[in-house]
Each structure stands twice: as C-alpha cells, then as structure tokens.
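Everything on this sheet refers to the single structure shown next.
In my numbering, the protein residues as written are 77 to 676.
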C-alpha cells in the first residue's frame, strides 16, 4: 500500500471517557466487523479488562475506509487511560502520526486528559479534539471546548461532537483522520526498519512480535535480525490485526502488523527493539523507548513450594507481554522461595496478580507493597532499596531518600479545601491552584510517592463524591526522616512484614499493625508476643494469650495433690512450648501491613 493512503492514529483520554466504545464503533462503521460479531470492548481481549471495564493493554487494529472512491488503511492503536498504564500510552504514541483526544461532554478535561495530551504534544502528533457522550441528558460542550483551549492550549474550533455509544457522527471522525493526520514518512527501497512496540507469547506459535514499519518492507521467507539481541530468524508469517490476526504477503512503510518467526525464547524479543533484514541491514536502530522505572515492589511467593518453576515461567511470559513489569528471585525465612516483582503502581500490581491467579491458575502469597528508596552511605555510595530487608544498619546511613511525585488534582471548586487538607496530612508541599472555570479547579502538590500509592485515589474519590481526578509523575528523590520498622513474633523477626515508614508515623503504624496481627494469628498452646521495633527499641506490643485447656476436668474428688501435679505438668509443657514451639502465621497476616497503612 502506498504510504500516502495510510494513517496511523491512537485514541487517548481519561479513564471512562469512551475510548474502547469509540474503537468499537470505528470497527463497526467501517465494516471491519459485522453487526453479528459486534460486542462491547471488542479490542479488550483480556478477561480482566472485560470484568473491570478498563483497558490494560494497548491493542492494534487495521481498518479499511473508503473516502471519495479511495481506500485508506487506518491503523488504530487503542490505549489505556489509568495513570499506572501511562507507559503503554507512550509506546503507542511512538508508532503513530496523530491522536484523537477524547473528552467527556459532561466531565470535561480531567487529570489524565491533560497528561495524555501533553505526551502526544511532546512527540509532535497531530491532535484532533473529540467531544464524546453528546447524547447525555446533561452536557456542557461549550464549557468543555473552552477548557480544551485554556488548559491544553489546543485549537478547539473544529472539534468533533460524537456519541460513541449510539454511533452518532462517527463518519466525521473518519473524515478528520484522513484529512488532518499526516501520512507516514518512509522509503520502500531503504533497508528495513521496524519498531517492536509490543509482543506476546503463544504456546503453539512461539513469540508474536507486533511491529510498525518505518522504512523498507518485509515478506514471508525473509531472514530478519532483532538488532538488540542479534537474533536471526526466518519470517514464517506476517499479517495484520483485522481485528483478529490475518496473514498478508508484505508489510511496507507506515504499516502496522505482526511477524511470526517461530522464536521460542522469551528473552530474545524486547519492546523498543528494531527488526531489520539479515542480508540488507539498517545502519543503526530506531531510538526505541525509554526503559520504564518500576516504583512499587512486592514479593510474590507460591503457596506450594513445588510451583516455584511454574511461577517463574508464567512471570517470564507476562513480562514479555508487559515490559513495564519486572521480577527477580528472592528468598524469605517466612515464605521460602519466590520473586521480588516491580510495578508502575498499585493498580498495575493488582492486575498482574489477578492475571496470574485467574488466567494461569496460580496460588500466590503476596507481601505488602513498598516503593523504591535511596540510601546515601557515610562513604558516599548510593544504594537503591526496593525491599525493606536490604536496609543496612543505621550506623552506616548518612541520608535516607524517598521518591517525590508531582500530583495534579482536578476537583470541583467546593472540595479544594478538603483536598489541600488531605495533602497536608500526607506531608505534601503546595505548589499552585488554577481555576478552570466557575466550578472546577486544578491543584498541584508535591507528595511522597509512599503517601500516594496505597489509597490516595480511593480517598480522593471518597471526599469529592467521585468527581475528583488525579495524575502524577515522579520528579526525583528527597531526603526524609525514614526508619525501618521490624515486626517480631515470639521474639523472631518476620522479614516479610518489615516496612519502611516515616519516623513521625512509626508509632501509630506500629500500634495499628500489631493490633491487626493479633486478630489474624490464632491462639497457640503458649503465649505469643507481637512487637513492632525500630532497631532494638520496641515501639508497640500486643500479646496473644495461651490457649487454656482444663487438664483437671476428669479429676472428680480425690486428693488435691493429684490436681496440682497435672497443673504443674501443664505449666512445664507450656514453658517448653514457649521455648521451642513454632508460631503459624496465616497468609492473610502478610497483607495486614497494607491494611494498617490504609487505616492511617
């Protein structure tokens, strides 16, 4: 196909503004799918996406559209809207020349609308504003368009007005894509340069590599090289997503599709790599992507120790399909062998855990999450810590640093004071307030990431009756008075329950945590002390009393010395148990660290 008849575009928006619904309508109106095949969220093929009604993975689909007698090939990449999946959005934008910026006709510009719009502006994409949900009984289109111009600085004069739900004005979207989005640049005769923007593993066909061709072309039977890993393979099949995989003869400049090489090694394909021909290679690879920085870490351990290798294999497949997720093996005295996993945020962590449990049928114990910290040692060295167990002795720590995020809230005007109080309580530093209109304001704060990831989103929705939205980005690390808090059960440290907390919150957190653990750990035949400690100083304690058994129940009458003997024997047995007995800590107890943080 001639590149001048190709358009590559993405749909970007805040959560629940209708991205997937608009994608469904574009497929239906263009005839890519029939009315019989049509179903809601057709591009969301993960079970968890359909259950929760959110897009987690970017998906590609090729649409043919006939305009004025000319057939255009439109390559749509559907993107997620949640802040945790911003990396997926950035990857999608790198494969496009334009973007549809979708805005809810009632809610208007929200926090993720701003973040995604600026991400598209940063890579010089042509942005087409589209106001969606104009069929709602209450809409404020003029105010929304004014917000687009004042907040985003975009020209909203020719903004489209559509309803993806009922299919209103969808043809105007196609016309705008063809007229406004520039065709891709690329030379058919140049050496092949194809960007790997995603990949997944198929048990029968091996690695399926999603590519966007920038220069040259690729055909079935060509020998290709993955430039980063220097792997050479023959192309067994190439094709496009329409929306299912459909094989084709050739992919040329500007086209988006997939390559099958029969490659079985997951580690050999990396997102952001460049594919070129073996016999006529490109001189240098494409810029690719910046490596994502995982900011939330937790331990994942199989309940059955024999599932360790199976868990490793599933994590490898998952990390290939989701390059923003990482894992390394670790051991825990309490939980055995497992993996330390890194995520972009709490929702990302939740999604990965649910995919492992539901799609792969894995039984897991997950430890409480924590963010990445930096420690400056007295000798000048800097350590990066993502596991509280790795914190060195206090004597060699010069400075403890925590990640700081710039948080942007968009909230109804009447809730400005409440949000400011919420941020002040979480050690926030106020930066600015800007009113977007008579009813809404944008507030910017700098907050420690650890104060955001647990439950800030839930608290925000709660205090603003669901109308507040937030977006954040990591801006660096700052020194803070942080300490490692250990949990001791019967005098022994439980490594999986250790956390890093701010000194001012340590006692409160410690008391809440030991109280919850007392509820979760069942009674034993001996007394159990649960303590929270900073170094050698105990800051909170709860005691689980011994399970008492009436050993004299069967002594009817007789001499009192017989009862005394039995009671003395029980006392000695409990003393021995207290010395050598093992405390069983249930799985649920390992999540009490998270629960006690939420209670704060």
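Even glycine gets a Cβ: it sits at the ideal position worked out from N, Cα and C.
Checklist entry - Based on the DSSP secondary-structure assignment, which residues constitute the bridge partners of residue 481? => result Residue mapping note: residue 481 aligns to position 405 of the chain shown, counting from 1. Answer is 523 and 550, bridged to residue 481.
Checklist entry - Between the C-alpha atoms of residue 655 and residue 602, what's the straight-line distance to the nearest angstrom? => result The sequence position of residue 655 within the chain shown is 579, counting from 1. The sequence position of residue 602 within the chain shown is 526, counting from 1. The pLDDT assigned to residue 655 is 45, lower than 50, so where the model puts this residue is not dependable; a value taken from the coordinates is nonetheless given after this. Looking at the two C-alpha atoms, the distance is approximately 9 Å.
Item to check | Proximity of residue 532 and residue 610 at Cβ, strictly below 8 Å | outcome: The count along the chain shown starts at 1 and reaches residue 532 at position 456. The count along the chain shown starts at 1 and reaches residue 610 at position 534. No. Outside cutoff.
Item to check | Cβ neighbour criterion (16 or more within 10 Å) applied to residue 566 | outcome: Within the chain shown, the letter at position 490 stands for residue 566. Counting Cβ neighbours within 10 Å, residue 566 comes out buried, since at least 16 surround it.
Next on the checklist: Based on DSSP bridge pairs, tell me the residues matched to residue 497.
Outcome noted: For this step, residue 497 is matched to residue 421 along the chain shown. Paired residue(s): none; residue 497 is not in a bridge.
Item to check | Per DSSP, cross-strand counterpart(s) of residue 109 | outcome: Position 33 of the chain shown holds residue 109. Partner(s): none; residue 109 has no beta bridge.
Next on the checklist: Since residue 559 and residue 588 should fall inside the 8 Å C-beta cutoff, what is the C-beta to C-beta distance between them, to a whole number of angstroms?
Outcome noted: By 1-based counting over the chain shown, the position of residue 559 is 483. By 1-based counting over the chain shown, the position of residue 588 is 512. That pair is no contact at about 16 Å.
Checklist entry - From this set, 411, 563, 335 and 518, which residue's C-alpha is nearest residue 548's C-alpha? => result Within the chain shown, numbered from 1, the residue matching residue 548 stands at position 472. It is 518 whose Cα lies nearest to the Cα of residue 548.
Next on the checklist: Is the beta carbon of residue 290 closer than 8 Å to that of residue 269?
Outcome noted: For the purposes of this step, residue 269 is taken as residue 193 along the chain shown, with counting starting at 1. For the purposes of this step, residue 290 is taken as residue 214 along the chain shown, with counting starting at 1. Yes, the Cβ-Cβ distance between residue 269 and residue 290 is below 8 Å.
Item to check | Residue(s) in a DSSP beta bridge with residue 147 | outcome: Indexing the chain shown from 1 puts residue 147 at position 71. Residue 147 is bridged to 142.
Checklist entry - Contact check, residue 219 vs residue 184 under 8 Å by CB: the rounded distance? => result Residue numbering aside, residue 219 sits at position 143 when the chain shown is read from its first letter. Residue numbering aside, residue 184 sits at position 108 when the chain shown is read from its first letter. Residue 219 to residue 184, Cβ: 7 Å. Contact.
Next on the checklist: Within the continuous beta strand (DSSP E) that includes residue 607, where are the two ends?
Outcome noted: Stepping through the chain shown from its first residue, residue 607 is reached at position 531. That run of the beta strand (DSSP E) goes 604-610.
Next on the checklist: My parser needs the beta strand (DSSP E) runs of 3 or more residues fully inside the region 343-373; what are they?
Outcome noted: 350-353
Item to check | Residue burial classification, residue 125 (beta-carbon count within 10 angstroms, cutoff 16) | outcome: Start at 1 with the first residue of the chain shown, and residue 125 comes out as number 49. Unreliable placement is indicated for residue 125, whose pLDDT of 49 sits below 50; the coordinate value is still reported in the next sentence. Buried, since its Cβ has 16 or more Cβ neighbours within 10 Å.
Checklist entry - For residue 607, which of 568, 631 and 621 has the nearest alpha-carbon? => result Reading the chain shown from its first residue, position 531 is the one you call residue 607. The option with the nearest alpha carbon to residue 607 is 568.
Checklist entry - Who are the near neighbours of residue 282 in its chain, counting only those whose CB is closer than 8 Å to its CB and skipping five residues on each side? => result For the purposes of this step, residue 282 is identified with residue 206 of the chain shown, where counting begins at 1. Counting only Cβ-Cβ distances below 8 Å, and skipping sequence neighbours, we find 336, 337, 338, 339 and 340.
Next on the checklist: Taking the straight line between their C-alpha atoms, what separation do you get for residue 327 and residue 300?
Outcome noted: Here residue 327 corresponds to residue number 251 of the chain shown, with the count starting at 1. Here residue 300 corresponds to residue number 224 of the chain shown, with the count starting at 1. For residue 327 and residue 300, the distance between alpha carbons rounds to 13 Å.
Checklist entry - Among 263, 363, 93 and 173, which residue has its Cα nearest to the Cα of residue 153? => result The count along the chain shown starts at 1 and reaches residue 153 at position 77. It is 173 whose Cα lies nearest to the Cα of residue 153.
Checklist entry - Where are the beta strand (DSSP E) runs, 3 residues long or more, that stay fully inside the region 192-276, in chain order? => result 202-208
Checklist entry - Just the Cα atoms here: how many angstroms apart are residue 229 and residue 197? => result As a working mapping, residue 229 is identified with position 153 in the chain shown. As a working mapping, residue 197 is identified with position 121 in the chain shown. Spanning the two alpha carbons is a distance of roughly 10 Å.
Next on the checklist: Less than 8 Å between C-beta atoms, sequence neighbours within five positions excluded: which residues of the same chain meet that for residue 256?
Outcome noted: For the purposes of this step, residue 256 is taken as the residue at position 180 of the chain shown. These residues qualify, in order along the chain: 174, 202 and 204.
Checklist entry - Could you give the distance in angstroms between the alpha-carbon of residue 413 and the alpha-carbon of residue 441? => result One-based indexing of the chain shown puts residue 413 at position 337. One-based indexing of the chain shown puts residue 441 at position 365. In a straight line, the C-alpha of residue 413 is about 11 Å away from that of residue 441.
Checklist entry - In the structure shown, what three-state DSSP assignment does residue 87 receive? => result Indexing the chain shown from 1 puts residue 87 at position 11. Three-state result, residue 87: strand.
Checklist entry - Under a Cβ-count criterion, where at least 16 other Cβ atoms within 10 Å of its own Cβ denotes burial, should residue 206 be classed as buried or exposed? => result Start at 1 with the first residue of the chain shown, and residue 206 comes out as number 130. Counting Cβ neighbours within 10 Å, residue 206 comes out buried, since at least 16 surround it.
Next on the checklist: For a test of the three-state rule: what should DSSP assign to residue 390, helix, strand or coil?
Outcome noted: Reading the chain shown from its first residue, position 314 is the one you call residue 390. Reduced to three states, the DSSP call for residue 390 is helix.
Item to check | DSSP three-state assignment for residue 619, whether helix, strand or coil | outcome: Numbered from its first residue, the chain shown carries residue 619 at position 543. It is a strand residue.
Item to check | Same chain, Cβ closer than 8 Å to residue 480, five either side skipped, listed in chain order | outcome: The sequence position of residue 480 within the chain shown is 404, counting from 1. 522, 523, 524, 525, 550, 551, 552, 553 and 554, listed in sequence order.
Item to check | Pairwise C-alpha distance: residue 429 and residue 287 | outcome: Here the question's residue 287 lines up with position 211 in the chain shown. Here the question's residue 429 lines up with position 353 in the chain shown. Going from the Cα of residue 287 to the Cα of residue 429 covers about 28 Å.
Item to check | Local conformation of residue 596 per DSSP, three classes | outcome: Within the chain shown, the letter at position 520 stands for residue 596. Of the three classes helix, strand and coil, the one that applies to residue 596 here is helix, per DSSP.
Checklist entry - Any idea if residue 577 is buried or exposed, counting beta-carbon neighbours within 10 angstroms, 16 or more meaning buried? => result What you label residue 577 is simply residue 501 of the chain shown in a count that begins at 1. The residue is buried, with at least 16 neighbouring Cβ atoms inside 10 Å.
Checklist entry - What residues are listed by DSSP as bridge partners for residue 528? => result To locate residue 528, count along the chain shown from 1; it is residue 452. Partner(s): none; residue 528 has no beta bridge.
Checklist entry - Looking at the structure shown, is residue 383 part of a helix, part of a strand, or coil, going by DSSP? => result Residue 383 sits at position 307 when you count from the first residue of the chain shown. Here residue 383 sits in helix by DSSP.
Item to check | Close beta carbons around residue 599, own chain, < 8 Å, minus the five adjacent residues each side | outcome: Residue 599 sits at position 523 when you count from the first residue of the chain shown. For residue 599, where only same-chain residues beyond five positions count, the Cβ hits under 8 Å are 620, 621, 622 and 623.
Next on the checklist: Give me, in chain order, the residues of the same chain whose beta-carbon lies closer than 8 Å to that of residue 495; leave out the 5 immediate sequence neighbours on both sides.
Outcome noted: The count along the chain shown starts at 1 and reaches residue 495 at position 419. 485, 487, 519, 536, 539, 540 and 544, listed in sequence order.
Checklist entry - If we count the other Cβ atoms within 10 Å of its Cβ and call it buried at 16 or more, is residue 454 buried or exposed? => result Here residue 454 is taken as the residue at index 378 of the chain shown, counted from 1. With fewer than 16 Cβ atoms within 10 Å of its Cβ, residue 454 is classed as exposed.
Next on the checklist: My output table needs one value for residue 641: the three-state DSSP class, helix, strand or coil.
Outcome noted: Your numbering for residue 641 matches position 565 in the chain shown. Looking at residue 641 - three-state DSSP - the assignment turns out to be helix.
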